[in-house]
Structure formats: structure tokens, C-alpha cells
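Engineer: Per my numbering, residue 154 is the first one in the sequence shown, and the count goes up by one each step.
Where is the CB? At the ideal position from N, CA and C, for every residue including glycine.
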Amino acid sequence: MVLNAGLQRGNIKIKINIAKMRMVRWMCRYTRKDRMRNEYIRKKVGVAPIEDKLRESQLRWFGHINRRPIEAPVRKIELLDFAHV
Numbered sequence: 154m155v156l157n158a159g160l161q162r163g164n165i166k167i168k169i170n171i172a173k174m175r176m177v178r179w180m181c182r183y184t185r186k187d188r189m190r191n192e193y194i195r196k197k198v199g200v201a202p203i204e205d206k207l208r209e210s211q212l213r214w215f216g217h218i219n220r221r222p223i224e225a226p227v228r229k230i231e232l233l234d235f236a237h238v
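1. Hey, is the region 192-203 in contact with the region 170-180, meaning 3+ C-beta pairs nearer than 8 Å?
2. Got a sec? Which residues, its chain only, sit under 6 Å from N170 by beta carbon, not counting five neighbours each side?
3. So, at 7 Å on beta carbons, what are the nonlocal neighbours of V227 in its own chain, with the 5 sequence-adjacent residues on each side left out?
4. C181 and V198: beta carbons closer than 8 Å?
5. I need the DSSP call for D187, collapsed to helix, strand or coil.
6. Can you tell me whether G216 is helix, strand or coil according to DSSP?
7. Give me the Cα-Cα distance between Y183 and R190, rounded to the nearest whole angstrom.
8. Looking only at its chain, what residues have a beta carbon closer than 7 Å to the beta carbon of E231, apart from the 5 residues adjacent to it on each side?
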């Protein structure tokens, strides 16, 4: 079950990356036939890889949760013991 969730998450990241690169290629008027590397196009346009942006948003959310008081419902989950699961 957990393995399957990880595969779906990875699959979603790949699909997002493909869609993003299609848009960037379209902006630059490059097609797949031009055989330009994604790294070259990213550097030319000045966009970061989607993985970096996803990691930034996850860390931003984690920092937001960490700043909440310990009495907040979302922080009470940290106190739960999942050893029996």
C-alpha cells in the first residue's frame, strides 16, 4: 500500500515535469524534432526544475507547521505513538 502511494507520487511528478517542459518548449518555439536538451531550454528561459520547486513548497509548508503552537491540532499528531502500526 505504501509502495503504491510512492509510485503514484513519482508518476505525478513525472507528468508535471513533462507538461511543464511542453509549455516551456512551446514558449521558445522549439519542437521535439529540434532535439534540444531540456537543460539547455531551462537555462535559456531561466526556469528551475520542477523537483526543486516541489521541494521548496514542501519545506515551506513544514516550516509553517513547525511554527504553530503545540496545542494546534496539526501539531498534536507529532505526539501520537504509531509504534503499534
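Structural biologist: With the given structure in hand:
1. yes
2. By one-based count along the sequence shown, residue 170 stands at place 17. Counting only Cβ-Cβ distances below 6 Å, and skipping sequence neighbours, we find I203.
3. As a working mapping, residue 227 is identified with position 74 in the sequence shown. Cβ neighbours of V227 beyond the five flanking positions: I218 and R221.
4. Taking the sequence shown and counting its residues from 1, one reaches residue 181 at position 28. Taking the sequence shown and counting its residues from 1, one reaches residue 198 at position 45. Yes, Cβ-Cβ distance for C181 and V198 is below 8 Å.
5. Looking up residue 187 in the sequence shown gives position 34. D187: helix per DSSP, three-state reduction.
6. The residue you call residue 216 lines up with position 63 of the sequence shown. The answer is helix: DSSP assigns G216 an H, G or I state.
7. Translated into positions along the sequence shown, residue 183 becomes position 30. Translated into positions along the sequence shown, residue 190 becomes position 37. If you take the alpha carbons of Y183 and R190, they lie about 10 Å apart.
8. Counting from 1 along the sequence shown, the entry for residue 231 is found at position 78. None.
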